[in-house]
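Engineer: Counting from 1 along the sequence shown, just add 49 to a position and that's the residue number in this note's numbering.
Note that beta-carbon positions come from the ideal geometry of N, C-alpha and C, so glycine has one too.
Computed from a prediction, not measured in an experiment: that's the story for all the values here.
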Amino acid sequence: MPWGLKRFQETGHSHFVTFSCYHRSEPERGMLADAIKSLKQGVSRRLIGEAEHFWQKRYYDFNIRSYCQFVEKRRYIHRNPVKRGLCKRPEDWEWSSFRQCATGCEGAVEIECEWTARQRERAAGTLSPAVELPHSSQNRA
Numbered sequence: 050m051p052w053g054l055k056r057f058q059e060t061g062h063s064h065f066v067t068f069s070c071y072h073r074s075e076p077e078r079g080m081l082a083d084a085i086k087s088l089k090q091g092v093s094r095r096l097i098g099e100a101e102h103f104w105q106k107r108y109y110d111f112n113i114r115s116y117c118q119f120v121e122k123r124r125y126i127h128r129n130p131v132k133r134g135l136c137k138r139p140e141d142w143e144w145s146s147f148r149q150c151a152t153g154c155e156g157a158v159e160i161e162c163e164w165t166a167r168q169r170e171r172a173a174g175t176l177s178p179a180v181e182l183p184h185s186s187q188n189r190a
């Protein structure tokens with residue numbers, strides 16, 4: 050994963066890297082500004098050094114206020130590499146959470162969610178066998 054993304058990743062937040070954008074669900078504006086600054090500095094220094102400008106001066110942020118908006122933006126983000134001609138299908142773009150969202154299989158971008166937290170607990174042997182999920186077939190009578 051590119052430098053600067055995992056460093057700012059927190060539980061419940063989504064990160065996406067596309068050709069021209071850095072996408073992240075983040076409620077705190079100050080932290081997002083720091084994350085964008087660090088990402089831009091690292092990338093531009095590696096690509097062109099300190100001599101030229103590589104990025105726009107500002108970034109566009111969009112506050113997601115509903116689950117419907119979240120789904121809409123996530124679809125846009127997942128489809129963006131295809132639209133830009135970087136890959137044929139969303140699952141082919143390595144720096145996307147599409148694979149994990151669609152299949153539950155881990156990819157290069159890990160999204161911390163209830164599923165990944167349970168997987169981590171199972172691997173560590175700390176998930177209680179008595180835990181039942183609300184959608185479990187055992188709860189249906």
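Can you say whether Leu96 is buried or exposed, counting buried as having 16 or more other CB atoms within 10 angstroms of its CB?
Structural biologist: In the sequence shown, the residue the question calls residue 96 occupies position 47. Answer is exposed; the Cβ neighbour count stays below 16.
Engineer: Return the CA-CA distance between Val120 and Asn129, expressed in angstroms with no decimal places.
Structural biologist: The count along the sequence shown starts at 1 and reaches residue 120 at position 71. The count along the sequence shown starts at 1 and reaches residue 129 at position 80. Cα-Cα distance, rounded: 14 Å.
Engineer: Does the beta-carbon of Cys150 have 16 or more other beta-carbons within 10 angstroms, so that it is buried, or is it exposed?
Structural biologist: Counted from its first residue, the sequence shown places residue 150 at position 101. Buried, by the Cβ-count rule.
Engineer: To the nearest angstrom, report how far apart Glu155 and Phe111 are at their CA atoms.
Structural biologist: Walking along the sequence shown from the start, residue 155 turns up at place 106. Walking along the sequence shown from the start, residue 111 turns up at place 62. About 27 Å.
Engineer: Which class does Ile126 belong to by DSSP, given the choice of helix, strand or coil?
Structural biologist: Against the sequence shown, residue 126 aligns to sequence position 77. Residue state, collapsed to three classes: helix.
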